[in-house]
Amino acid sequence: MRWIIKRLIIAIFTIYIVITITFFLIRLMPGNFIDMMVYYYMTTYGMSEIEARNTVYALYNVVPNEPIFLQYIKYLFGLINGNWGKSYISNKSVLEILLYGLPWTAFLLSVSLTISFAIGILLGIFMAYRRGTFLDSLLSTLSSISRATPNFILGLLLLYFLAIYYPIFPARDSYDITIEPGLSIQFISSVLYHSFLPMLAYILTSFGGWALAMRSSAIRVLGEDYVMAAEARGLKPGRIARTYVGRNAVLPLFTSFAISLGYMFGGSVFIETYFAYQGIGQIIGLAMSWRDYPLIQGGFLLITITVVLSNLLADMLYGLLDPRIKRGGTYGG
Amino acid sequence: MVDRLRTLEKILSEHIYIPLKILAKDKRALFGLFMLIAYILISLIGPMIIPLDLTPNLEEKYLPPSWKHPLGTDFAGRDILAQLVHGGRDVLTAAFAAGIVTVGIGTVVGIIAGYMGGKIDTIITAVIDIFLTIPGFPLLIVIAAWLLQSGIPITILTIAFVLSITSWAGLARAVRAQTLSIKNEEFIEVDKCLGLSKLYIIFYEILPNLMPYIAMNFMLSSVSAIYSYTGLMALGLIPLTPGNWGAMINMAQAYVGTITGAGATYILAPSFAIILLQISLVFLANGIDKIFNPRLREW
Amino acid sequence: MSKPLIKLENVSMVFEIHTMFGEKKKIKAVEDVSLEIKENDILALVGESGCGKSTLGRIMLGLLKPTSGKVLYYINGKYRDIWSLSKKEYKIFRRHAQLIPQNPYTTINPMRSVISALIPPFLHYKIARNKEEARKMVAEHLKMVGLVPPEDFFNRYSCRLSGGQLQRIAIARAISVKPKFIVADEAVSMLDASLRIEILDLLLRIREEYGLAVLFITHDLAIARYFARKNKIAIMYLGNIVEIGNTEDIIKNPLHPYTKALIMSVPIPDPDIARKRELPKLRSLEVPSLMNPPSGCKFHTRCSLATEICEKQAPILRNINGRLVACHKIGD
Amino acid sequence: MSINNKERRNEKDIILKIRGLTIEFRVTRGILRAVDNVDLDVYKGEILGLAGESGCGKSVLAHAILNLVDPNGYIKSGQILFKQNDEYIDILSLSNEELRKFRWDKISIVFQGAMSSFNPVIKIKDHFIDTVKDHESNKNEEEIVKIAKKLLKDFRLDEQVINLYPHEMSGGMRQRALASLSFILNPEFIILDEPTTALDVLTQKFIIKLLREIHEKTGLTMLFITHDLATLAEITDRMAIMYLGNIVEIGTVRQIFYDPKHPYTKALLQAIPSITKPLEDLNPLPGPVPDPLNPPSGCKFHPRCPLRFKACSESRPKLIDLGDGHLVACHLYKRN
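Here it is as structure tokens:
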């Protein structure tokens, strides 16, 4: 229990740190960002200085001549109350824009992550059992290639070959916009059809990392005495693979969960931009090219919160799977 | 003179022949090593042989591969191979610089946390945990956006530094764990009894055991640096460097020729240049333990 | 006999363990131990795993600072607490007290060759003026511990050496700085039975030549008897010394109930004798946890003689027939 | 006690026959022959001790009886014959499924590292349940738990232990739990691979006594493997001594301890300190242990043997019977 609380505290602290970074990055770093922005608006859009200044202050929730500490507190409370600032491109609330994109990204990533994790684990345990064979070295090579290929390049190639050169799959959008969104079969199949290539890009570039991690973890477990003991007891091979090898080998993989999810979220900026898929990634990509800072920061914050929460979930799952965490302590000597 | 030659022979055998012999057992790592060397050589020597001419020559645009243009030409009739060769230096410098900075920060922080222990360790571990959870690439975008606006020039070194901010924590954690376990080994206790200094213990006892991690992480940080650097450039989120493979991808996307298929090599060439480099680094990283492990050295 | 070289006065060691879930636990590894080792003498410290004997050895070497009590070392004509020595004096103590650890495979760094692990002490104390001289000294020391020709061993790593060879290297490394006091912590317990006597004989010979005082830590009474045949044995149980006396006296006539049980349990390589021996009478088989040790005499939960007083009051070491025993039930 | 049992053993009482067993391992520097052409008989109802120093192949040999070999090792040749209904079946030629069903049901094994022999993420109870279910699928969990609790009690463990995870028990408790697990399917033969090595002396003594009691009560055949000759003196009926993959001597426990024939056995017995033996009787074993990858020619002990002569380096001696069932592999002896 205390362990969960500790993880929770670290999670909250991480989010707090990220908020603080985004706040101070803009306000305290050299080059006086606010003045720069005012200058940018003046030159780019031909505003007068006062006009530009007011626009910038409004966009970033800045009250002029207010002590920085007070601004900071206000910023924090603003965030908690859902006031994440306003987007400069659309003049809409940042949180509103992001929350529109979140479900699409969450859908894309969670399905891709689940599938690649599952493929990786099965492949990894298979390679571990067949280690040293030709099949193992072939699959390891494939996994290394998967691990090494940048997802944006694969996404681009898939887009180029399977959507543009041979238009088998749609090249843009998360669903056919002529279909009314709803729980109709038409809509759902359209969503799946549109998400196929982006998911493929994620899965093909991330299963390899899991597979290699699982392979080495499973090889380590296969060398453990309890696996040989299980074989000696005449347990069925399936049971040994699942309860003895699989379960113990999966445990260390949970530690790399956050890193991998963060990596995939990073990739979403590319994938969603290329496929014009209306998730957070595309929003951030657009915000970046428009220099829409409130939106960029909001997006970063939202991604961080998602990653931190998913990580907390992974930690809890880990606690459930590993009794050494759940019940610590030794009985007797 | 003879003595010097003998030393040279010893160094060659110790640092080149034996590692290669060991690496030869792992075909993939050997492939990775040779490819990496090839990339470095091409980036160093290539620009001297193949000149880069960026003046547009619209009569020659979207030419298919030929003897004159082995990889064809781009939308402005410029040789693709020349751009590819000239861009390598930029990518590799950024990658290795990021690798060095990452490894430097990660190793120092990890050793301090692991060796000192106590409160310092608790604090550093918490920082490591936080940095591991913060999604690196999105943070990179925020920092890049801020850099663009703040007037700080974006050079390869700033990029390397920014890339390392998001990737040192993984190595620091591994180094810390390793340091902690070595610290309690009996040979360290014996060293302490013999009165050998902390610095001796860190440099001569702990560091050699960390070398595989350090070398492996150097490769892997380079991999993620290449990913971020070329990726950001491919999306046009940071200023383009002419010839940089990411920049080539960016340009290729922007022009219709690649969609019609006439300039396919313009998008394929840099893509495969990046993929192949990444694969070589990953292969080498996976095989690196073999080079450093004395158990495998003494056949 | 000669004067004590190192003395422990009421030394206790409490470890605070932070489990990975943030809980704090206290472990009393060593409790109120007083003993001394004379110059050029051997004390065998016998106890089962987890009784605190290794911790006690680390305390005597100055590797661990006891939470209470003093470690006194005879230096420049006086007994001085090793934790309040001047820098110069500490350097002398540091050179005098050395360790031979248990696991031969971790006595030198597996990533480093034999020569690179053996040279630094010679240079550190300026015993050798340069590397070349240090190499010669390493060769001499390797010869002294029976590794010939020494040059064959210079560039080897621990993975290519046998347990016996590595333990010889550990001895060579410990004596390289000409110490006066050595803690041998289970120095032969990981070696094959056939090698043990050989290494013990080597250690005895070196001890004789150098005039070393040795704290010989082991869980094996037979080994302790062999090594400390003319000297003393101390028996340890859950952080306390329960009995100290001359080796043969203790083996032939143990007084403390724990020592008795221990001696009755030692396997004997003689089928006729082994099968006639009885199982020691114990109230319980479970060794209590150090995190939650029994009150009074720590052995009372298992002792068949235990009465009320044993649960309430911790016995102190008393002199009984020229031997120190900590038991309420003996000698009255 | 069967210690003075001098009767000639009957050929048909042999429950396990090992014939010409050779096991090799692929290691970085080459091929290591861990078990080299070994013949061994185990009689029904006896406790046979198998002794040897680390790396002599005794554990490899014992594990091979259940056809368990590390992934980098393989059984090169030989037969392991187990008597079932008056017929011998070769364990090494069983199909995977037959082998799986054979294991634990006929022969079970108690491994050295009790800590690591349990799956850390499941309870003790589940180890019993998994084992029984994969052999006799008709038993329900309650029945299994009931039997398991009884077995744990036989080994003086509290019933509640069954609900603990392995890491929640002490080393002595785990070792006893592992021993009770080996009885769950009522095997005919139990292999004990250094079952007491990691334990403290008092618990060790207790477990030895307990095993002896159980043996006398049930007449179970046991193979007891250890590097500690002293422990074998207390528990076994017969002993086999191994050196570098070969069995060099087999005899009753009294024959081995009071009348050892092989020079290695003699030297080994002289090198073990004891609290009863006079110290002057102790002698270190001469010479270094040879590199197992390059074993000496002929008799593998000859470089260290004080009695070696020309034939010793030329041909490998075979095990010969000296009468009384005392077997020795040494050129000093001629067949009786």
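Residue numbers (this note's numbering), protein chains in the order written: chain H, 28 to 360; chain U, 6 to 304; chain Y, 700 to 1031; chain V, 152 to 487.
From the three backbone atoms N, C-alpha and C, an ideal C-beta is built for every residue, glycine too.
Bear in mind that the values here come from a model prediction, so they are computed numbers and not experimental data.
Counting C-beta neighbours from all protein chains within 10 Å, is the total for residue i 16 or more, i.e. buried, or is it exposed?
i	result
Val440/V	buried
Thr70/H	exposed
Lys461/V	exposed
Gly472/V	It should be noted that the sequence gives Asp, not Gly, for residue 472/V. Classification for Asp472/V: exposed.
Thr12/U	exposed
Met843/Y	buried
Met53/U	exposed
Ala43/U	exposed
His20/U	exposed
Ile896/Y	buried
Thr205/H	exposed
Lys764/Y	exposed
Asn829/Y	exposed
Val479/V	buried
Gly356/H	Because Gly356/H sits at a pLDDT of 40, beneath the cut-off of 50, its placement in the model cannot be relied upon, and the following sentence gives the value as read from the coordinates. With fewer than 16 Cβ atoms within 10 Å of its Cβ, Gly356/H is classed as exposed.
Since residue i and residue j are thought to touch, with beta carbons under 8 Å apart, how far apart are those beta carbons, to the nearest angstrom?
i	j	result
Ala239/U	Ile323/H	Wrong, their Cβ atoms sit about 18 Å apart, outside the cutoff.
Gly93/U	Ser226/U	Actually they do not touch by this definition, with Cβ atoms about 18 Å apart.
Ile280/U	Thr176/H	5 Å
Gly268/U	Asp79/U	6 Å
Ala869/Y	Pro803/Y	7 Å
Leu243/V	Ile231/V	5 Å
Gly147/H	Trp237/H	2 Å
First and last residue of the alpha helix (DSSP H) that includes residue i?
i	result
Phe223/U	Leu212 to Ala239
Ile169/V	Element bounds for Ile169/V: not the alpha helix (DSSP H) but the beta strand (DSSP E), Ile165 to Val178.
Thr270/U	Ala269 to Gly292
Lys1011/Y	Glu1007 to Lys1011
Ile23/U	Ile23 to Leu28
Tyr345/H	Tyr320 to Leu348
Which residues in the same chain have their Cβ closer than 8 Å to the Cβ of residue i, if we skip the five residues on either side of it in sequence?
i	result
Ala198/H	Leu186, Ala190, Ile191, Phe302 and Ala303
Cys750/Y	Met935, Tyr936, Leu937 and Gly938
Tyr229/H	Leu135, Leu136, Ser139, Leu140, Ser143, Asn178, Met291, Gly294 and Ile298
Ala391/V	Leu191, Leu199, Gly200, Leu201, Ala202, Ile398, Glu400 and Ile401
Ala921/Y	Val965
What is the residue span of the beta strand (DSSP E) that residue i lies within?
i	result
Met373/V	Thr372 to Thr377
Tyr102/H	Run containing Tyr102/H: none in the beta strand (DSSP E); it sits in the alpha helix (DSSP H), Ile95 to Ile107.
Glu299/H	Where Glu299/H is concerned, there is no enclosing beta strand (DSSP E), although the alpha helix (DSSP H) it sits in stretches over Phe284 to Tyr301.
Met390/V	Arg389 to Tyr394
Asp58/U	Here Asp58/U belongs to no beta strand (DSSP E), and DSSP marks it neither H nor E.
Phe408/V	That residue, Phe408/V, is in no beta strand (DSSP E); its alpha helix (DSSP H) goes Val404 to Tyr409.
Within the same chain, show all residues whose beta-carbon is closer than 6 Å to that of residue i, passing over the 5 residues directly before and after it, in chain order.
i	result
Gly312/H	Val296 and Thr300
Ser229/U	Ser172
Ala886/Y	Ile799
Ser464/V	Ser448, Gly449 and His453
Glu294/V	none
Got a sec? Which residues, its chain only, sit under 7 Å from residue i by beta carbon, not counting five neighbours each side?
i	result
Phe340/V	Ile166, Leu167, Lys257, Ile258 and Thr372
Lys188/U	Gly119 and Tyr120
Lys203/U	none
Ala278/U	Leu89 and Trp250
Considering only heavy atoms of the ligand SAM, does any lie closer than 8 Å to the CB of residue i?
i	result
Thr246/U	Summarising the ligand content, the structure contains no ligands, and the ligand SAM is consequently not present.
>> Threshold first: 4 residues or longer. Then list the alpha helix (DSSP H) segments lying entirely within the region 730-807 of chain Y, N to C.
In response: 752-759 and 786-795
>> Ignoring anything shorter than 3 residues, give me the beta strand (DSSP E) runs that lie fully in the region 864-940 of chain Y, in order along the chain.
In response: 880-884, 912-917 and 931-936
> What are the start and end residues of each continuous alpha helix (DSSP H) run of 4 or more residues lying completely inside the region 219-292 of chain V, in chain order?
Replying inline: 247-253, 265-268 and 275-284
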